[in-house]
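Undergrad:
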């Protein structure tokens, strides 16, 4: 391929839960270094879309490509095979994910959370992993909390550890699933600040969020979803200031 | 009147209210105290208990040997039971229907058959299968021997006790694994961990923390279940006591010896369980805290701190 391909590409992705179709024919492309924010009302399918990108949910139809390589399936000759969980694990190393409910490992300290995957998955030496994890915790402003257990940390601190934990695998792409929705309002800012810094450092990010000001300031692309389809997409200030679609207008009127 | 205080009353801010009285607690306490008093008097004054005989046999070599065997049986049966239980629980939760069914059948059988029946059955295994061999199915045999050589009272006891335990442990461990939030698996998966790594590094360590109290409970049950092996004439704590009183006819004192030892062991196990629980929860360990946690009311503590600690 001579043409430069996007880092992440989604083609005609569909997903149903039972009879309820959550995603219909989604097409999406994210260039390396870009930040894409996905907004929309609850139940619009944005979280499911994000979870289909790393195959936490298996799409019913369509394909996801990371650097041109299909996710969750592989070609052998002209036959397409499903990947096993452990084959998928290799692909998932390249896509970090941050969850609404943090999902830190409660039996491990902040530092142990961050070094876990580098040691177990990448077989890094412990001193090296600790050095890198310490630098990451410093980056998210938690160097002094390295030896605290998750339950001893505030929600905002836990989410920042979760971000550091994902970064420790040096992913090509970071997925954020409503990272600030479970936080007390006064803790949202510290997490968004870390995400802003990441964006400035050039990390490719796909962020499902309700934080419109974050989307406006940080995103290169804004996608508005409703009822399983992408209703409108474009530059954030265009979509937010001059929504063309009635559903976008109605949603923005409610949240801004 | 308004807010002005009644002249005869002191200032409300300078006065401590009289605490609520609990007459029912006092009456109930006194009644129980009386009951306990009579019971202790019975223990002390009843000559048939023969306390000097109890004291004489408490540390006798025969009893201590039986005690050691009881402990060994408890320990081994729990280790094997839990090990098999973990495998069964994982089989039960696997997506392979053959594994699920096999695990279900095992649990159904070994939970359904009384351990006493199993002990006798295992001991008499030679009547069913006279010879045992190890080899490749439909291929050469590597080792062959008589079942009677293999099945001693001790191996029969371990088999019966640990297989029963494995069925209970499997259900318990399955519940423990299922109690771990799916988000833990998802977070580990997105970090690129494989199935086995997630299970070993993330799920099982958390499940085991939840399972410490029920495992402790099972261990205490097992301690008492081991007394069943007396039917196999295996000299555990109880059977050692029985052997002595069949010679000396001091039935009650020797049963008291066994009772006291069982109580001591289960007390030690209770403390050990609470100790491990405290350690795993990362709390500083003080004997006082462990002791308190044994007696705390979980129903009536309205104060949050008390309920939590």
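Chains as they are written, first to last, in this note's numbering: chain E, 18 to 273; chain W, 128 to 436. Here a beta-carbon is modelled for each residue, glycine too, at the ideal position from N, C-alpha and C.
1. Taking 8 Å as the threshold (beta carbon to beta carbon), is residue 109 (chain E) in contact with chain W?
2. Is the segment 351-368 of chain W in contact with the segment 159-178 of chain W, if contact means three or more CB pairs nearer than 8 Å?
3. Say whether chain W places a C-beta atom closer than 8 Å to the C-beta of residue 123 (chain E).
4. Using 8 Å as the limit for Cβ to Cβ distance, is residue 300 (chain W) near chain E?
5. Determine the direct distance from the alpha carbon of residue 163 (chain W) to that of residue 434 (chain W), and round the result to whole angstroms.
6. Within its chain, find whatever has a CB closer than 8 Å to the CB of residue 242 (chain E); leave out the 5 residues flanking it on each side and keep chain order.
7. Rounded to whole angstroms, what is the Cα-Cα separation between residue 29 (chain E) and residue 42 (chain E)?
8. For residue 25 (chain E), count the other beta carbons within 10 Å of its own beta carbon; 16 or more makes it buried, fewer makes it exposed. Which is it?
9. Could you spell out where the alpha helix (DSSP H) holding residue 213 (chain W) opens and where it closes?
10. Under 8 Å Cβ to Cβ from residue 379 (chain W), same chain only, skipping five residues before and after it: list those, please.
11. Please name the residues in the segment 73-95 of chain E whose beta-carbon is closer than 8 Å to at least one beta-carbon of chain W, in chain order.
12. Could you please give me the residues that DSSP links to residue 155 (chain E) through a beta bridge?
13. Are any of the Cβ atoms in chain E nearer than 8 Å to that of residue 198 (chain W)?
14. Going straight from the alpha carbon of residue 138 (chain W) to that of residue 144 (chain W), what length do you get?
15. Helix, strand or coil for residue 435 (chain W) per DSSP?
16. Taking the C-alpha atoms as reference points, what is the distance between residue 246 (chain E) and residue 40 (chain E)?
17. Please classify residue 262 (chain W): does DSSP put it in a helix, a strand, or coil?
18. Can you pull the DSSP bridge partners for residue 345 (chain W)?
19. Just to confirm before moving on: does the CB-CB distance between residue 306 (chain W) and residue 212 (chain W) stay below 8 Å?
20. Are the C-beta of residue 141 (chain W) and some C-beta of chain E separated by less than 8 Å?
21. With residue 80 (chain E) as the anchor, note down where its alpha helix (DSSP H) starts and where it stops.
22. Work out the CA separation of residue 253 (chain W) and residue 237 (chain W) for me, nearest whole Å.
23. Please determine, among E:171, E:175, E:126 and E:49, the residue with the shortest C-alpha to C-alpha distance to residue 21 (chain E).
24. Using a Cβ cut-off of 8 Å (strictly closer), state whether residue 163 (chain E) contacts chain W.
25. Taking only beta-carbon positions, decide if residue 42 (chain E) is within less than 8 Å of chain W.
26. If we cut at 8 Å on Cβ distances, does residue 34 (chain E) have a partner in chain B?
27. Applying a beta-carbon distance threshold of less than 7 Å, which residues of chain E neighbour residue 329 (chain W)?
28. Output needed for residue 135 (chain W): all residues of its chain with C-beta closer than 7 Å, excluding positions within five of it in sequence on either side, in chain order.
29. Three-state secondary structure (DSSP) at residue 228 (chain W)?
30. Using a Cβ cut-off of 9 Å, pull out every chain W residue sitting near residue 118 (chain E), in sequence order please.
31. Within the 8 Å Cβ cut-off, does residue 191 (chain E) reach chain W?
32. For residue 72 (chain E), count neighbouring C-beta atoms within 10 Å of its own C-beta (all shown protein chains included) and say buried if the count is 16 or more, exposed if not.
33. If we ignore side chains and look at the alpha-carbon of each, how far apart do residue 151 (chain E) and residue 179 (chain E) end up?
34. So residue 186 (chain E) contacts chain W; which residues on that side make the cut at Cβ distance below 7 Å?
35. By alpha-carbon positions, which one of E:77, E:102, E:34 and E:119 ends up nearest to residue 195 (chain E)?
36. Residues bridged to residue 174 (chain W) by DSSP?
TA: Looking at the atomic coordinates:
1. yes
2. no
3. yes
4. no
5. Here the model assigns residue 434 (chain W) a pLDDT of 47, short of 50, so the residue's position is not dependable and the matter cannot be decided.
6. 55, 56, 57, 61, 62, 63, 66 and 248
7. 4 Å
8. buried
9. 188-220
10. 175, 176 and 177
11. 73
12. DSSP, once it has assigned bridges, lists no residue as partnering residue 155 (chain E).
13. no
14. 12 Å
15. Confidence at residue 435 (chain W) is low in this model, with a pLDDT of 49, below 50, so the placement of that residue should be treated as unreliable; the coordinate-derived value is given next. Of the three classes helix, strand and coil, the one that applies to residue 435 (chain W) here is helix, per DSSP.
16. 6 Å
17. strand
18. In DSSP, residue 345 (chain W) forms no bridge with anything.
19. no
20. no
21. Here residue 80 (chain E) belongs to no alpha helix (DSSP H); instead the beta strand (DSSP E) covers 78-83.
22. 20 Å
23. E:49
24. no
25. no
26. In the structure shown, chain B does not exist; the protein chains are E and W.
27. 122
28. none
29. helix
30. 308 and 310
31. no
32. buried
33. 14 Å
34. 318 and 319
35. E:119
36. Looking at the DSSP assignment, residue 174 (chain W) forms no beta bridge with any residue, so it has no partner.
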